[in-house]
């Protein structure tokens, strides 16, 4: 009797701590949402915490009617779809043949792929390569250089290894070649992991920032800026003016801040809508990657 | 003996066809740049291919010597190591603690919700986190200082900036990093808990004597991987979180390479620095892996 009561208090304490941790994760985003929905004055007065003050959606209207924001959001969406499709296809194409353990040269190719996880040439060689290929300041620089993740190939391959050999043999007896086996047997059984890896690739591209910063330098490549780079520059420019304004004794007008927060929302919400649905799959994926890595 | 290339290829050529594009990717975008590593030993010239460029002074080691006599490189090296060590010692135990906490959480549905929420920050980019950070942690206009009624310089002095940097790293990845530990926890034999219960172990004793030993090898593998990256340096995190006031603490090797190489066009110098970093990384990884094996663990490979 006493013992069960004791465990109960312990459970409640743990549940309470978890609740606080959840708040810690959620409150910053709630604050951003509240800020984006508040009036500029309220932001300048720093009145907004988790509930909007001076409710309005002006910031969202501004973002959705400013050409550079709309263009960047649309372009990032297109880019993300293209890159995800390309990446996941290439990942399957790399992983599937390597599940044939008797494939001649397979071990060597496997080594070639894994080696790049441990040694890389570094930022400048990549940059010079892209410049030599004429990809600098073009969208190709955002699509190709990182289109295959070695870790994801390992995860994919491990899942393929988990498909029972008997299924493969049965299909082969029916006269199916390797490609047919892949399409008819392996892909349908691997949909969860394909969805998960697609999420990883999509998040990576949607959140990608440094490649755009380094490879899109010319002023006419501004039209290819993904939303993260645009957001970074908006924030950086506004903090610089804030610094100046503070030095000169002025305050930031605050309008730009609500717009910044609205942009943050735009850059975040698509991902937040997707990841919870794939959660039960990616746990398995990450675990395999860590064990085999 | 009975092997014939003709029948073999006839049956499996499609597999090689599938591999064609991925292998081309690795050759072009991963191995071809390795030829450019030569530039670290050559004169700064990118108009002709690196193998045709003349060797740099001091038997080609001019740029390495230059880097190590460059104050700002030494500073970047120190910052990289210091921030990574802080991440290792403060950041690494956190997901373990959080995983133990989640493991003890008794209500399954609530546990699932908690996990979903704790994974959230992992999916935010550093650009987004840095813009939120400015709103939250500003000295004069941050909401936290406003709520506390203080003017604590979270991001405007070097010492406090380091703390904020480490905290934000934990905030972003702690929940996500619990995944691996939670998976390892499911592999522990339930009979061990029952036996401990029969022996009258308290909750904490069970954690100490059953749960922690159960995930020991996972902890060691992750420790090795982190040790291997002690000189590695991500770019987005220090770059986006940095500001004018804290550059002495926030300039890491990756930012040094970006500023000198891509912005300053000192290609040879920054290639040499990048190469140094990659080679040290590999050495550390090999060392820590063999260390783990000596302690009787499986190691990473």
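Chains as they are written, first to last, in my numbering: chain A, -12 to 280; chain B, 292 to 592.
Glycine included, every Cβ here is placed at the ideal spot set by N, Cα and C.
Determine whether the Cβ of residue i lies closer than 8 Å to any Cβ atom of chain E.
i, result
"residue 196 of chain A", "Of the chains in the structure shown, none is chain E; the protein chains are A and B."
Let me confirm a value: residue i is counted as buried when at least 16 other C-beta atoms fall within 10 Å, else exposed. Which label applies?
i, result
"residue 341 of chain B", "buried"
"residue 431 of chain B", "exposed"
"residue 187 of chain A", "buried"
"residue 378 of chain B", "buried"
"residue 244 of chain A", "buried"
"residue 304 of chain B", "exposed"
"residue 151 of chain A", "exposed"
"residue 316 of chain B", "buried"
"residue 353 of chain B", "buried"
"residue 287 of chain B", "What the structure shows of chain B is the stretch from 292 to 592, and residue 287 of chain B is not part of that stretch, so it cannot be assessed."
"residue 38 of chain A", "exposed"
"residue 466 of chain B", "buried"
"residue 493 of chain B", "exposed"
"residue 577 of chain B", "exposed"
"residue 193 of chain A", "buried"
"residue 161 of chain A", "exposed"
"residue 75 of chain A", "buried"
"residue 28 of chain A", "exposed"
"residue 198 of chain A", "buried"
"residue 132 of chain A", "buried"
"residue 267 of chain B", "Beyond the ends of chain B as shown, which are 292 and 592, falls residue 267 of chain B; an answer cannot be given."
"residue 170 of chain A", "exposed"
"residue 204 of chain A", "exposed"
"residue 207 of chain A", "exposed"
"residue -5 of chain A", "exposed"
"residue 425 of chain B", "buried"
"residue 330 of chain B", "buried"
"residue 180 of chain A", "buried"
With respect to 7 Å, is the separation between the Cβ of residue i and the closest non-hydrogen atom of the ligand MG below this value?
i, result
"residue 244 of chain A", "Among the ligands in the structure shown, none appear at all, so the ligand MG cannot be discussed."
Got a sec? Which residues, its chain only, sit under 8 Å from residue i by beta carbon, not counting five neighbours each side?
i, result
"residue 358 of chain B", "364, 560, 563, 564, 567"
"residue 182 of chain A", "265, 268"
"residue 147 of chain A", "82, 83, 86, 173, 177"
"residue 251 of chain A", "19, 23, 218"
"residue 366 of chain B", "539, 542"
"residue 488 of chain B", "497"
"residue 413 of chain B", "463, 464, 466, 467"
Can you list, in chain order, the residues of its chain whose CB lies under 7 Å from that of residue i, leaving out five sequence neighbours each side?
i, result
"residue 420 of chain B", "459, 463"
"residue 457 of chain B", "377, 378, 381, 382"
"residue 34 of chain A", "40"
"residue 531 of chain B", "417, 418, 421"
"residue 540 of chain B", "370, 449, 452, 453"
"residue 555 of chain B", "none"
"residue 247 of chain A", "221, 222, 225"
"residue 265 of chain B", "No information on residue 265 of chain B is available, as it lies outside the stretch 292 to 592 that chain B covers here."
"residue 258 of chain A", "190, 193"
"residue 77 of chain A", "134, 135"
Residue i bridges to which residues according to DSSP?
i, result
"residue 333 of chain B", "B/346"
Leaving out the 5 sequence neighbours to the left and right, which residues in its chain are closer than 6 Å to residue i when beta-carbon positions are compared?
i, result
"residue 236 of chain A", "Because residue 236 of chain A sits at a pLDDT of 44, beneath the cut-off of 50, its placement in the model cannot be relied upon, and the point is left open."
"residue 298 of chain B", "none"
"residue 56 of chain A", "50"
"residue 344 of chain B", "333, 334, 336"
"residue 351 of chain B", "332"
"residue 16 of chain A", "none"
"residue 7 of chain A", "none"
"residue 548 of chain B", "561, 564, 565"
"residue 447 of chain B", "430, 536"
"residue 433 of chain B", "427"
message: Give the list of continuous alpha helix (DSSP H) stretches no shorter than 4 residues that lie fully inside the region 525 to 574 of chain B.
response: Whole alpha helix (DSSP H) segments, 4+ residues: 527 to 532, 538 to 541, 544 to 548.
task: Could you say if the region 52 to 72 of chain A and the region 200 to 217 of chain A meet the contact criterion of at least three C-beta pairs nearer than 8 Å?
output: Yes, they touch.
Segments of 4+ residues assigned as alpha helix (DSSP H) that fall wholly inside the region 405 to 463 of chain B: Counting whole runs of 4 or more residues, the region 405 to 463 of chain B contains the alpha helix (DSSP H) stretches 417 to 428, 434 to 439.
- prompt: Is the region 511 to 528 of chain B in contact with the region 473 to 485 of chain B, if contact means three or more CB pairs nearer than 8 Å?
  reply: Cβ pair count under 8 Å is below three, so no.
message: Can you confirm whether the region 124 to 140 of chain A touches the region 93 to 110 of chain A when touching is taken to mean that 3 or more C-beta pairs between the two stretches lie within less than 8 Å?
response: Judged by Cβ distances under 8 Å, the region 93 to 110 of chain A makes contact with the region 124 to 140 of chain A, as three or more pairs qualify.
message: Threshold first: 4 residues or longer. Then list the alpha helix (DSSP H) segments lying entirely within the region 157 to 223 of chain A, N to C.
response: DSSP runs (the alpha helix (DSSP H)) wholly in the region 157 to 223 of chain A: 165 to 168, 178 to 194, 197 to 202.
- prompt: Considering only residues of the region 341 to 407 of chain B, which uninterrupted alpha helix (DSSP H) runs meet the minimum length of 4 residues and lie entirely inside it, listed in chain order?
  reply: The region 341 to 407 of chain B contains these whole alpha helix (DSSP H) runs: 353 to 359, 362 to 377, 384 to 395.
- request: Mind listing, in chain order, the continuous alpha helix (DSSP H) runs of no fewer than 4 residues lying wholly within the region 89 to 167 of chain A?
  value: As far as the region 89 to 167 of chain A is concerned, its whole alpha helix (DSSP H) runs of at least 4 residues are 93 to 105, 110 to 119, 127 to 130, 137 to 149, 152 to 160.
query: What are the start and end residues of each continuous alpha helix (DSSP H) run of 4 or more residues lying completely inside the region 479 to 522 of chain B, in chain order?
result: Whole alpha helix (DSSP H) segments, 4+ residues: 481 to 489, 494 to 497, 507 to 519.
field: Cβ pair count under 8 Å reaching 3, the region 313 to 328 of chain B against the region 112 to 124 of chain A
entry: Judged by Cβ distances under 8 Å, the region 313 to 328 of chain B makes contact with the region 112 to 124 of chain A, as three or more pairs qualify.
- prompt: What alpha helix (DSSP H) runs, 4 residues minimum, are completely inside the region 301 to 331 of chain B?
  reply: Entirely contained in the region 301 to 331 of chain B, the alpha helix (DSSP H) runs reaching 4 residues are, in chain order, 323 to 326.
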